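J.: Here it is, the structure, as structure tokens.
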Amino acid sequence: MATVADDSRLRTGQASPDYPSSVTTLVSVLRWQMEHMPGRIVCHRIVRGRRQLGSEPLSIEQLAERAAAVAALLRERNVEAGDRVILSLADPHDFLVAFFGCLSAGAAAVPLPTPGESGAPRAFAARVRGVCSDCDPSLAIVEDAARFRAAAADAAGSLAVLEARSLLELAPATKCEPSSSEPDAGAAAFLQYTSGSTGSPKGVVVTHANILANCRAIRDATAYTRGDRMVSWLPLHHDMGLIGGLLTSIYCAAETWPMPPMEFLARPVTWLQAIGAFGATLTVAPTFAYALCARKLPDRQLSGVDLSCLRLAYIGAEPIAPAVVENFVARFAAYGLSPAALYPVYGLAEATLAVSFPPPGRAIHYDVVDRQAIAGDGIARSVEASHSQAMRLVSVGRPLPRHEVEIVSTATGRTAGEREVGELLVRGPSVTPRYFGEGTGVSRDVLKTGDLAYIAAGEIYIVDRIKDLVILSGRNHAPSDIEAVVAEVDGVRRGRIVAFGTDDGHGGQLHVVAEARPGSWRSPDEIRIEVSRRLRAQIGISAATVTVVRPGSLERTSSGKIKRRACAQAFEAGTLQVVQTRSDLDDGVYARVSGTLTTVLRGLGRRF
91 MATVADDSRL
101 RTGQASPDYP
111 SSVTTLVSVL
121 RWQMEHMPGR
131 IVCHRIVRGR
141 RQLGSEPLSI
151 EQLAERAAAV
161 AALLRERNVE
171 AGDRVILSLA
181 DPHDFLVAFF
191 GCLSAGAAAV
201 PLPTPGESGA
211 PRAFAARVRG
221 VCSDCDPSLA
231 IVEDAARFRA
241 AAADAAGSLA
251 VLEARSLLEL
261 APATKCEPSS
271 SEPDAGAAAF
281 LQYTSGSTGS
291 PKGVVVTHAN
301 ILANCRAIRD
311 ATAYTRGDRM
321 VSWLPLHHDM
331 GLIGGLLTSI
341 YCAAETWPMP
351 PMEFLARPVT
361 WLQAIGAFGA
371 TLTVAPTFAY
381 ALCARKLPDR
391 QLSGVDLSCL
401 RLAYIGAEPI
411 APAVVENFVA
421 RFAAYGLSPA
431 ALYPVYGLAE
441 ATLAVSFPPP
451 GRAIHYDVVD
461 RQAIAGDGIA
471 RSVEASHSQA
481 MRLVSVGRPL
491 PRHEVEIVST
501 ATGRTAGERE
511 VGELLVRGPS
521 VTPRYFGEGT
531 GVSRDVLKTG
541 DLAYIAAGEI
551 YIVDRIKDLV
561 ILSGRNHAPS
571 DIEAVVAEVD
581 GVRRGRIVAF
591 GTDDGHGGQL
601 HVVAEARPGS
611 WRSPDEIRIE
621 VSRRLRAQIG
631 ISAATVTVVR
641 PGSLERTSSG
651 KIKRRACAQA
661 FEAGTLQVVQ
671 TRSDLDDGVY
681 ARVSGTLTTV
691 LRGLGRRF
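Take a look at the structure:
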């Protein structure tokens, strides 16, 4: 069990490999590293000791040998090239071995959460049922076969289920050398399912070429070296955790320390402790994780936390609230965090992962614009911060190397000019070809992201999702802007607010739903009055309804954002847990600070 104190492998300044043209898949990356970097450590399993965090390493030889054994077993089970294999594994070593085993056998991995990560069994069963219906997998590799089948109920049908820890026992007893066969670079390496536990899941087909293109672009944009060290608690069944927290490190021949998501959710400070304990130069997390640590971790838990080693802390979820990054920097400056370490980025599963990054080591760029000009004219007009309608947005940088973005008018489809707001389009080798259900005859060259954005001085700024815009009297209002104003109201729980519009035939109506803040003694009536007053004063709009609901009652996505559409549906159905009086807050039990696995990890979304 290695720790930073006794680890002699720490390297600095070594460039990541410059692979020859013959390296076209992760399988050939593994083979090349076996030949040129024998003995290197690929991945560490974090373990908690009595007094400090430790880790158990997985070497390149161990990974290659075990993956080859899994591939051989899959072939024995009649898994053919192009077949789909579900991976429901939280342990990073088990996941990596099974993932590379699938790739080596020419199969497409289908990463899914474990029953524990999905929360309610009903949600897990619905997800498994939808995925099986969409991609017809050949088998599943899981942590616990009995638990998987019990949680999946009848959703998995007659699907063959194997336990990860028994795979090597079932594989040939003799040493199994890696196969010399090579998957086609254009074949599916894995399917990234983007929907939650309800609705029809959509599997993004991510090819071997897509993975290498995105890893290469991330390497070049961030000056990723072999000396970098990644710590991530993100689940490996999500693109942000798989590509950002694991595969890019492997491609760059760096070391990575994935930790189970449940560890972070149960004790968020473990994430920060691991960064210092293992000398992490890189970490990645959605916006809510930074907000939670800045606001909720007591000082007594932070003793010994050292973030001075951190070079880049990727923060993804669009749009990124300026207050989140500023609060995190302010809170952890005393623990060695550099202000330049916070690294706002943008991406989505349909682009494999990453689309745009700022220059590494640069202070965060903000743009202050007139929200009324965006709403009315679709122009991000610069204003002073003191302007009555000032709206601040965070730059997510420029397109990755060998990739292009374009902003097009949502009304005319023409290319937008400087500071004109429109839909963001992406072109480049990371753009995935299709969803699995679309069939092999479909292949896209241009990705329509569905995100409203603009470009100023070459920097990309995300405004909001097009489908979520609130239209009032012909003007487009970003719900995130409305929610940011509401968040300043005393008694409202930050990050637990939804603004959405309805068409009443007379210009549209705005509805606001907000969770009451736990521990607040302010009455719901006072909250409603203050929300309405602030919206009129700061944005010049009126809310048709302001609904205060119980803390923890709004459903969230994997990136910690409230599911706006689900909230609107609950509002229309009358199923929101409405708080009418202060005494209502004293009744029942509700979710607390970090939420639960159900609300945080269920339905891993499509956004970076």
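To convert, note that position 268 of the sequence shown is 358 in the working numbering; the numbers rise steadily by one, no gaps. Idealized CB from N, CA, C, for every residue including glycine. Please read these numbers as outputs of a predicted model, since none were measured by experiment.
Could you give the distance in angstroms between the alpha-carbon of S487 and the alpha-carbon of D554?
T.: Note that residue 487 corresponds to Gly in the displayed sequence, not to Ser. If you take the alpha carbons of G487 and D554, they lie about 16 Å apart.
J.: For the structure I just gave you, are there three or more beta carbon pairs, one from the region 477–487 and one from the region 446–455, closer than 8 Å?
T.: Segments in contact, yes.
J.: Skipping 5 residues on each side, what residues in its chain have a beta carbon closer than 6 Å to that of T114?
T.: Excluding residues within five positions, the ones whose Cβ falls inside 6 Å are A275.
J.: Using DSSP with H/G/I as helix, E/B as strand and the rest coil, what is L354?
T.: The sequence shown places Phe at residue 354, rather than the Leu named in the question. Helix.
J.: Starting from the Cα of K538, find the closest Cα among R306, T371, E549 and E513 and give me that residue.
T.: Checked all of R306, T371, E549 and E513; the closest Cα to K538 is E513.
J.: Could you tell me how far apart the beta carbons of D396 and Y425 are, in whole angstroms, since I believe they sit closer than 8 Å?
T.: So it is a contact: roughly 6 Å between Cβ atoms.
J.: Output yes or no for whether 8 Å exceeds the beta carbon distance between I552 and P409.
T.: For I552 and P409, yes; Cβs fall inside 8 Å.
J.: Tell me the DSSP bridge mates of Y433?
T.: Bridge partners of Y433: Y404.
J.: Taking the beta strand (DSSP E) that H567 falls in, what are its first and last residues?
T.: Per DSSP, H567 belongs to the beta strand (DSSP E) from R565 to H567.
J.: Give a yes or no on whether the C-beta atoms belonging to A180 and P291 are separated by under 8 Å.
T.: No, the pair does not count as a contact, with Cβ atoms beyond the cut-off.
J.: Pull up the distance between the alpha-carbon of I587 and that of S499, whole angstroms please.
T.: Spanning the two alpha carbons is a distance of roughly 29 Å.
J.: Going by C-alpha to C-alpha distance, which of A407, L400 and K386 sits closest to R421?
T.: Looking at the Cα atoms, K386 is the closest of the given residues.
J.: Can you tell which of E155, I131 and G139 has its C-alpha closest to the C-alpha of L148?
T.: Comparing Cα positions, the closest option is I131.
J.: Measure the alpha-carbon distance for Q123 versus F214 and round it to whole angstroms.
T.: Distance between the alpha carbons of Q123 and F214: 37 Å.
J.: Are the CB atoms of A403 and L143 within a distance shorter than 8 Å?
T.: No, these two residues do not count as a Cβ contact at 8 Å.
J.: Return helix, strand or coil for I629, following the three-state DSSP convention.
T.: Residue state, collapsed to three classes: coil.
J.: When we look at the beta-carbon of M127 and count the other beta-carbons within 10 Å, is it buried (16 or more) or exposed?
T.: So M127 ends up on the exposed side.
J.: Would you mind listing the beta strand (DSSP E) stretches within the region 146–209 that are 3+ residues and don't spill past its ends, in chain order?
T.: With a minimum length of 3 residues, the continuous beta strand (DSSP E) runs that stay inside the region 146–209 are 174–178 and 198–201.
J.: Assuming A253 is part of the beta strand (DSSP E), what are its boundary residues?
T.: The residue asked about is misnamed: residue 253 is Glu in this sequence, not Ala. E253 -> beta strand (DSSP E) spans A250 to E253.
J.: Pull up the DSSP beta-bridge partners for M124, would you.
T.: DSSP output for M124 lists no bridge partner at all.
J.: Grouping DSSP H, G and I as helix and E and B as strand, with all else coil, what is I587?
T.: The answer is strand: DSSP assigns I587 an E or B state.
J.: Taking G406 as the reference, give the member of L427, V576, V419 and Y380 with the closest Cα.
T.: Out of L427, V576, V419 and Y380, Y380 has the C-alpha closest to the C-alpha of G406.
J.: Exposed or buried, which one is G366 when buried takes at least 16 other CB atoms within 10 Å?
T.: Buried, by the Cβ-count rule.
J.: Rounding to the nearest angstrom, what Cα-Cα distance links L116 and I176 in this structure?
T.: Rounded to the nearest angstrom, the two C-alpha atoms are 19 Å apart.
J.: So, using beta-carbon positions, are F418 and A375 closer together than 8 Å?
T.: Not a contact, by the Cβ cut-off of 8 Å.
J.: Could you compute how far the alpha carbon of C222 sits from the alpha carbon of H298?
T.: Rounded to whole angstroms, C222 to H298 spans 22 Å at the Cα level.
J.: Is the separation between the beta-carbon of V602 and that of I550 shorter than 8 Å?
T.: No.
J.: Looking at chain D, is there any beta carbon in it that lies within less than 8 Å of the beta carbon of E474?
T.: Of the chains in the structure shown, none is chain D; there is only one protein chain.
J.: Cβ atoms of S563 and A307: under 8 Å apart, would you say?
T.: In this structure, S563 does not lie closer than 8 Å to A307 by Cβ.
J.: Can you tell me where the alpha helix (DSSP H) with R237 in it begins and where it stops?
T.: Its alpha helix (DSSP H) spans residues A235 to A242.
J.: Report the option in P450, A441, D318 and A356 whose CA atom is closest to the CA atom of C399.
T.: Nearest C-alpha to C399: D318.
J.: Beta strand (DSSP E) containing Y551: first to last residue?
T.: Run containing Y551: E549 to R555, per the beta strand (DSSP E) assignment.
J.: Whose CA, out of R357, L392, Q282 and L362, lies closest to the CA of L443?
T.: Comparing Cα-Cα distances from L443 to each of R357, L392, Q282 and L362, the minimum goes to Q282.
J.: Touch check for the region 603–613 and the region 660–671: three-plus C-beta pairs under 8 Å?
T.: Segments in contact, yes.
J.: Would E573 and A547 be called neighbours here (beta carbons separated by less than 8 Å)?
T.: Their beta carbons are not under 8 Å apart, which means E573 does not touch A547 by this criterion.
J.: How many Å lie between A313 and P450 at the Cα?
T.: Those two C-alpha atoms are separated by around 8 Å.
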